[in-house]
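Protein chains in written order, with numbering that gives the first Met the number 0: chain A, 0 to 469; chain B, 0 to 469. We treat Cβ as the ideally placed atom computed from N, Cα and C, and that holds for glycine. Below is one structure; the comments refer to it alone.
Protein chains: 2
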Amino acid sequence: MLNGVTPEFENRLRGLVDAAAFRADTAPYFTEPRGRWQGQGLVVAPADTIAVAAVVTACAQARVAIVPYSGGTGLVGGQIMEDGPAPVVLSLERLTKIRAVYPSENVLVCEAGVILAHVQQAAEDVDRLFPLSLASEGSARIGGLLATNAGGVNVLRYGNARALCLGLEVVRPDGTIWHGLTRLRKDNTGYDLRNLMIGAEGTLGIITAAALRLVPRPVQIGAALLAVPSPQAALDLLAMAGAQIGDGLSAFELMHRQGLDFLAEVGPEVRQPFETIPAWSVLIDLGLPASGDPDAALERLFADAFDAGLVSDGVIARSAAQRQALWDIRENIPEANRRIGSIASHDIALPLSAVPDFIAQAEVALRALGDMRINCFGHLGDGNLHYNIFPAKDRARGADDALRPAVQKMIHDLVAALDGSVSAEHGIGRAKVGDLQLYGDPAKLAMLRAIKDALDPQGIMNPGVILPQR
Amino acid sequence: MLNGVTPEFENRLRGLVDAAAFRADTAPYFTEPRGRWQGQGLVVAPADTIAVAAVVTACAQARVAIVPYSGGTGLVGGQIMEDGPAPVVLSLERLTKIRAVYPSENVLVCEAGVILAHVQQAAEDVDRLFPLSLASEGSARIGGLLATNAGGVNVLRYGNARALCLGLEVVRPDGTIWHGLTRLRKDNTGYDLRNLMIGAEGTLGIITAAALRLVPRPVQIGAALLAVPSPQAALDLLAMAGAQIGDGLSAFELMHRQGLDFLAEVGPEVRQPFETIPAWSVLIDLGLPASGDPDAALERLFADAFDAGLVSDGVIARSAAQRQALWDIRENIPEANRRIGSIASHDIALPLSAVPDFIAQAEVALRALGDMRINCFGHLGDGNLHYNIFPAKDRARGADDALRPAVQKMIHDLVAALDGSVSAEHGIGRAKVGDLQLYGDPAKLAMLRAIKDALDPQGIMNPGVILPQR
Chain A
0 MLNGVTPEFE NRLRGLVDAA AFRADTAPYF TEPRGRWQGQ GLVVAPADTI
50 AVAAVVTACA QARVAIVPYS GGTGLVGGQI MEDGPAPVVL SLERLTKIRA
100 VYPSENVLVC EAGVILAHVQ QAAEDVDRLF PLSLASEGSA RIGGLLATNA
150 GGVNVLRYGN ARALCLGLEV VRPDGTIWHG LTRLRKDNTG YDLRNLMIGA
200 EGTLGIITAA ALRLVPRPVQ IGAALLAVPS PQAALDLLAM AGAQIGDGLS
250 AFELMHRQGL DFLAEVGPEV RQPFETIPAW SVLIDLGLPA SGDPDAALER
300 LFADAFDAGL VSDGVIARSA AQRQALWDIR ENIPEANRRI GSIASHDIAL
350 PLSAVPDFIA QAEVALRALG DMRINCFGHL GDGNLHYNIF PAKDRARGAD
400 DALRPAVQKM IHDLVAALDG SVSAEHGIGR AKVGDLQLYG DPAKLAMLRA
450 IKDALDPQGI MNPGVILPQR
Chain B
0 MLNGVTPEFE NRLRGLVDAA AFRADTAPYF TEPRGRWQGQ GLVVAPADTI
50 AVAAVVTACA QARVAIVPYS GGTGLVGGQI MEDGPAPVVL SLERLTKIRA
100 VYPSENVLVC EAGVILAHVQ QAAEDVDRLF PLSLASEGSA RIGGLLATNA
150 GGVNVLRYGN ARALCLGLEV VRPDGTIWHG LTRLRKDNTG YDLRNLMIGA
200 EGTLGIITAA ALRLVPRPVQ IGAALLAVPS PQAALDLLAM AGAQIGDGLS
250 AFELMHRQGL DFLAEVGPEV RQPFETIPAW SVLIDLGLPA SGDPDAALER
300 LFADAFDAGL VSDGVIARSA AQRQALWDIR ENIPEANRRI GSIASHDIAL
350 PLSAVPDFIA QAEVALRALG DMRINCFGHL GDGNLHYNIF PAKDRARGAD
400 DALRPAVQKM IHDLVAALDG SVSAEHGIGR AKVGDLQLYG DPAKLAMLRA
450 IKDALDPQGI MNPGVILPQR
């Protein structure tokens, strides 16, 4: 059994770390983006790795739970512990040093509390790209991005957070420090602890620093928004783009018109690129080396795809501003969704060839459950859809929230039947623990449990995340 | 304590699997490429995953060790158990089905006994590339390549085996089967078991099938062999090539003239491309999409690098045959090395910027140990050197083998001091268990042991590999 934070325990921590580590206003740490859960506990923000280790050691000795807190942007409740004995909420916000940049190695070493946008900027400062990019990049921090193996819009080309990390420094659940901050591209010396920690959502330790992979900055950038007649046409267009453009294809985002309608309805205001909004469109982004010609590549792709009946209309960005305007549409959809207020949201992955089937079947099944609006968008190149369900236009926000369990179960059952994943990039957190137990392979579940028990035998690290709390 | 295979146990296995699973001639399974270790045990080659599970279950019940055996090409003794109670040597050679190919998803699902060259061919048959490529591709099998997280010549562009695998089917040490053969690009549902199994060298379970990632086949191929004045110049050339060519750079191999001298001395016969063999040369490979022009890219790179003093001479392949001739040089160096007979061989990785220092310091330190020849070559783009030491030209093969421990210790000490890895791509096997204990971070070693004990509590899976046998 775990113990809650007591005044005595708080005093003990106050003796271990500086006064600046304690927070008077804890409200921001106890709410989360969709407002679905309410947290609790003692918020502590240590100043460095040694201080993190001191706090963790004290928690281990007292069997007090630890909830690691990074940017607070997670969507599955991994950063929020509603119930149980009061935990220490361990915030990474003061671990904000970029420790070193090695342009000739394409490596940047930073602490876990650095905000993603700052890492992107530091890379740009040495003419490199850190390719991780997602809507919350202005507030999400590296530690949480790694702990959740974050995805985003450039996974197609550069992989997810896992693919962008070479080494880690981690404070283990007993307070010892794993010094694994290697800058090596190859290192076959034992089990892959780095990838085990990445995506473990703070249940096996606390990431305090990381060696991140940079890439040469593509200098010839291009983007196009193309109207496609169907999801299958979008997939065929993806294959055509892959064959013509190869690795230069950075992003391939699918959007249903519902997202553009939401933007028109509630904002944020964006420039609508089509006179008549098409049912489906794809946003394509290219990044080529100096010798490349993205406009020519996009024009050729558009012409060939048009001839093949794969696109019916399109806009090719002619400037950086136009490209940004296209991306503004895609990047503001999550905010429009928040303004409308979803009944249920799903972050699913499917085998690429199953995507059209899923979209067709889910629509039919949803209609049987009630009159709702579907906003289906996402990273088609990765088979990753954000499939979000909203009340009908005449219904009030929240009026149909009672449908959430039935909607989620239907969607997740369908995803499982099509060999998909009920969490493509957001993780399990506390929200999807039941889904993992329900849909997870039994041998997999046995291994997850064995690993958790082996590396965190007291169960103090982010209890109730990924696996049910014991 | 483990039990050895007894006649009774063998009879039990004969009742579980077909007669064709048993091997009369076991000699090939008990020798390895460099002839350094001699194996033992009962060789069993089950016909399918169910049969693998039956054998493993029987071994688990009887506490008999299992040595997974794939292509037998490993260089660190992972496939050879010299001592201890006789194990079951479980060969994957009959698991040779390619179960499915999904060209539109860029996925191929095959069993673990498929030879790498066959996977490459199956990918080519659907106009795709399976990018894993290494000298032993004609005999190495997928299971072993994944178990050792194999590298090879295309890691720079496509990553190692880990980056080329989407899903696994694994027989666990208790005989249960983990059905993890997903074709998904994104799946954040729990700890990363796939990457834990990949690189575990058969100590946590037996990989029986894999979903592999294919890529669009680069259609415009080019190669060049360029003479460089120094390892530092080679690194600067790598940076220049990255900036000019971007992702199209598939391979960047460094070769010291010693390798070309060995080829001239003992074969295999290759066409020497330079009139005077340069001290250092790099082999560059490009693969571009249809619109690319690799010749123009290589000519521009050569011209710019020549002007910058980074290359002094070079050959650009003008045909597929010429390209193959350049690659023949690189790919035959390991065979030439075998014909000469090394005193010690090292598969090391370094932070890129530390490579020139290592090469300079190691040469001085070696000279202090004796008169030896150094063949330094490898995947410079990954910071991965094969740094192999041979007797002086007038010394007989094997005459200086007594120097091996001192040479290895000096090299590995130097690698550790430069934040490198003592096993870049070959793994730990049984050969480097002591090195891992000596150079490994204590927190890392504790986690490796905890994971091994959690997932293989009886310690029957490939005992003595990665970690010391208990």
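**Asked** residue 38 (chain B) bridges to which residues according to DSSP?
**Response** Numbered from its first residue, the second sequence carries residue 38 (chain B) at position 39. In the DSSP output, where bridge partners are listed per residue, residue 38 (chain B) has none listed.
**Message:** Quick check: residue 318 (chain B) and residue 389 (chain B), are their CB atoms within less than 8 Å of each other?
**Reply:** Looking up residue 318 (chain B) in the second sequence gives position 319. Looking up residue 389 (chain B) in the second sequence gives position 390. Their beta carbons are not under 8 Å apart, which means residue 318 (chain B) does not touch residue 389 (chain B) by this criterion.
**Request:** Decide if the region 80-94 of chain B is in contact with the region 124-133 of chain B; the criterion is three or more beta carbon pairs, one per stretch, under 8 Å apart.
**Result:** no
**Minimum C-alpha distance to residue 233 (chain B) - residue among B:201, B:185, B:308** = One-based indexing of the second sequence puts residue 233 (chain B) at position 234. Ranking B:201, B:185, B:308 by Cα distance to residue 233 (chain B) puts B:308 first.
**Message:** Let me see if you follow: with CB-CB separation under 8 Å, is residue 28 (chain A) close to chain B or not?
**Reply:** The sequence position of residue 28 (chain A) within the first sequence is 29, counting from 1. Chain B, which has no Cβ nearer than 8 Å to the Cβ of residue 28 (chain A), makes this no.
**Prompt:** Looking only at DSSP bridge pairs, what is residue 347 (chain B) linked to?
**Reply:** Reading the second sequence from its first residue, position 348 is the one you call residue 347 (chain B). DSSP lists B:384 as partners of residue 347 (chain B).
**Item:** residue 452 (chain A): contacting residues in chain E (beta-carbon distance under 8 Å)
**Value:** Looking at the structure shown, chain E is missing, and the protein chains on hand are A and B.
**Asked** With C-beta atoms as the reference, is residue 228 (chain A) less than 8 Å away from residue 311 (chain A)?
**Response** To locate residue 228 (chain A), count along the first sequence from 1; it is residue 229. To locate residue 311 (chain A), count along the first sequence from 1; it is residue 312. Yes, the pair counts as a contact, with Cβ atoms nearer than the cut-off.
**Cβ-based contacts, 8 Å cut-off: residues of the region 177-188 of chain A near chain B** = 177, 178, 179, 181, 182, 183, 184, 185, 186, 187, 188
**Run of the alpha helix (DSSP H) containing residue 21 (chain B), from where it starts to where it stops** = Here residue 21 (chain B) refers to the residue found at position 22 when the second sequence is read from its first residue. Bounds of any alpha helix (DSSP H) do not take in residue 21 (chain B), whose DSSP letter is neither H nor E.
**Message:** Buried or exposed, going by whether 16 or more other CB atoms sit within 10 Å of the CB of residue 243 (chain B)?
**Reply:** By 1-based counting over the second sequence, the position of residue 243 (chain B) is 244. Classification for residue 243 (chain B): buried.
**Asked** Do the region 210-221 of chain B and the region 96-107 of chain B make contact, defined as three or more Cβ pairs closer than 8 Å?
**Response** yes
**Inter-residue Cα distance where the pair is residue 173 (chain A) and residue 144 (chain A)** = Counted from its first residue, the first sequence places residue 173 (chain A) at position 174. Counted from its first residue, the first sequence places residue 144 (chain A) at position 145. Cα-Cα distance, rounded: 23 Å.
**Asked** Got a sec? Which residues, its chain only, sit under 8 Å from residue 260 (chain A) by beta carbon, not counting five neighbours each side?
**Response** The residue given as residue 260 (chain A) occupies position 261 in the first sequence. 276.
**Asked** Using a Cβ-Cβ cut-off of 8 Å (strictly less than) and excluding sequence neighbours within five positions of residue 183 (chain B), which residues of its own chain qualify?
**Response** Your numbering for residue 183 (chain B) matches position 184 in the second sequence. Residues of the same chain with a CB within less than 8 Å of the CB of residue 183 (chain B), apart from the 5 flanking positions on each side, are 165, 166 in chain order.
**Message:** Run through chain B and tell me which residues come within less than 7 Å of residue 175 (chain A), C-beta to C-beta.
**Reply:** Locating residue 175 (chain A) in the first sequence gives position 176, counting from the first residue. The answer, in chain order, is 442.
**Message:** Classify residue 168 (chain A): buried if its beta carbon has 16 or more other beta carbons within 10 angstroms, exposed otherwise.
**Reply:** Position 169 of the first sequence holds residue 168 (chain A). Per the 10 Å Cβ criterion, buried.
**Message:** Using a 10 Å radius around the Cβ and a threshold of 16 neighbouring Cβ atoms, would you call residue 185 (chain A) buried or exposed?
**Reply:** Mapped onto the first sequence, residue 185 (chain A) falls at position 186. So residue 185 (chain A) ends up on the buried side.
**Message:** Rounded to whole angstroms, what is the Cα-Cα separation between residue 96 (chain A) and residue 285 (chain A)?
**Reply:** As a working mapping, residue 96 (chain A) is identified with position 97 in the first sequence. As a working mapping, residue 285 (chain A) is identified with position 286 in the first sequence. Roughly 32 Å separates the two Cα atoms.
**Item:** Short Cβ contact (8 Å threshold) for residue 160 (chain A) with residue 148 (chain A)
**Value:** Position 161 of the first sequence, counting from 1, holds the residue named residue 160 (chain A). Position 149 of the first sequence, counting from 1, holds the residue named residue 148 (chain A). Their beta carbons are under 8 Å apart, which means residue 160 (chain A) touches residue 148 (chain A) by this criterion.
**Request:** Report the rounded CA-to-CA distance for residue 326 (chain A) versus residue 427 (chain B), giving the unit in angstroms.
**Result:** Looking up residue 326 (chain A) in the first sequence gives position 327. Looking up residue 427 (chain B) in the second sequence gives position 428. Straight-line Cα distance between these residues: approximately 46 Å.
**Message:** Against chain A, with Cβ distances strictly below 8 Å, would residue 465 (chain B) count as a contact?
**Reply:** In the second sequence, residue 465 (chain B) corresponds to position 466, counting from 1. Interface residue, yes.
**Prompt:** What in chain A is Cβ-close to residue 425 (chain B), meaning under 7 Å?
**Reply:** In the second sequence, the residue the question calls residue 425 (chain B) occupies position 426. Under the 7 Å cutoff, chain A gives 187.
**Request:** Give the C-beta separation of residue 283 (chain A) and residue 324 (chain A) to the nearest angstrom, bearing in mind that I take them to be a contact with Cβ-Cβ under 8 Å.
**Result:** Within the first sequence, numbered from 1, the residue matching residue 283 (chain A) stands at position 284. Within the first sequence, numbered from 1, the residue matching residue 324 (chain A) stands at position 325. Contact between residue 283 (chain A) and residue 324 (chain A) fails: their C-beta atoms lie close to 15 Å from each other, not under 8 Å.
**Asked** Would the region 117-124 of chain B and the region 33-51 of chain B be scored as touching if the rule is three or more Cβ pairs under 8 Å?
**Response** no
**Prompt:** Does any CB atom of chain A fall closer than 8 Å to the CB of residue 150 (chain B)?
**Reply:** Here the question's residue 150 (chain B) lines up with position 151 in the second sequence. Using a CB distance cut-off of 8 Å, residue 150 (chain B) counts as an interface residue toward chain A.
**Prompt:** Can you name, in chain order, every residue of its own chain whose Cβ lies under 8 Å from the Cβ of residue 403 (chain A), other than the five neighbours on each side?
**Reply:** In the first sequence, residue 403 (chain A) corresponds to position 404, counting from 1. Excluding positions up to five away in sequence, the list reads 342, 343.
**Asked** If we ignore side chains and look at the alpha-carbon of each, how far apart do residue 238 (chain A) and residue 245 (chain A) end up?
**Response** Here the question's residue 238 (chain A) lines up with position 239 in the first sequence. Here the question's residue 245 (chain A) lines up with position 246 in the first sequence. Approximately 10 Å between the Cα atoms of the pair.
**Asked** Using a Cβ-Cβ distance under 8 Å, would residue 191 (chain A) count as near chain B?
**Response** Here residue 191 (chain A) corresponds to residue number 192 of the first sequence, with the count starting at 1. Closer than 8 Å: yes.
**Prompt:** residue 146 (chain B) and residue 181 (chain B) look like a contact to me (Cβ under 8 Å); what is the Cβ gap, rounded to whole Å?
**Reply:** Working through the second sequence from its first residue, we reach residue 146 (chain B) at position 147. Working through the second sequence from its first residue, we reach residue 181 (chain B) at position 182. Going by Cβ atoms, the distance from residue 146 (chain B) to residue 181 (chain B) rounds to 19 Å, so no, they are not a contact pair.
**residue 24 (chain B): contacting residues in chain A (beta-carbon distance under 8 Å)** = Residue 24 (chain B) sits at position 25 when you count from the first residue of the second sequence. Neighbours of residue 24 (chain B) on chain A: none; closest Cβ ~31 Å, over 8 Å.
**Request:** Compute the distance between the beta-carbons of residue 423 (chain A) and residue 383 (chain A), then report whether it is under 8 Å.
**Result:** Start at 1 with the first residue of the first sequence, and residue 423 (chain A) comes out as number 424. Start at 1 with the first residue of the first sequence, and residue 383 (chain A) comes out as number 384. A contact, by the Cβ cut-off of 8 Å.
**Message:** To the nearest angstrom, how far is the alpha carbon of residue 409 (chain B) from that of residue 349 (chain B)?
**Reply:** Here residue 409 (chain B) refers to the residue found at position 410 of the second sequence. Here residue 349 (chain B) refers to the residue found at position 350 of the second sequence. Approximately 15 Å, taken between the alpha carbons.
**Request:** Please decide whether residue 147 (chain B) counts as near chain A, where near means a Cβ-Cβ distance under 8 Å.
**Result:** Working through the second sequence from its first residue, we reach residue 147 (chain B) at position 148. Yes, contact with chain A.
**Asked** Can you find a C-beta in chain A that's less than 8 Å from the C-beta of residue 131 (chain B)?
**Response** Residue mapping note: residue 131 (chain B) aligns to position 132 of the second sequence, counting from 1. So no, residue 131 (chain B) is outside the interface.
**Cβ-based burial, residue 254 (chain A) [other Cβ within 10 Å; buried from 16]** = Stepping through the first sequence from its first residue, residue 254 (chain A) is reached at position 255. Residue 254 (chain A) is buried by the Cβ-count criterion.
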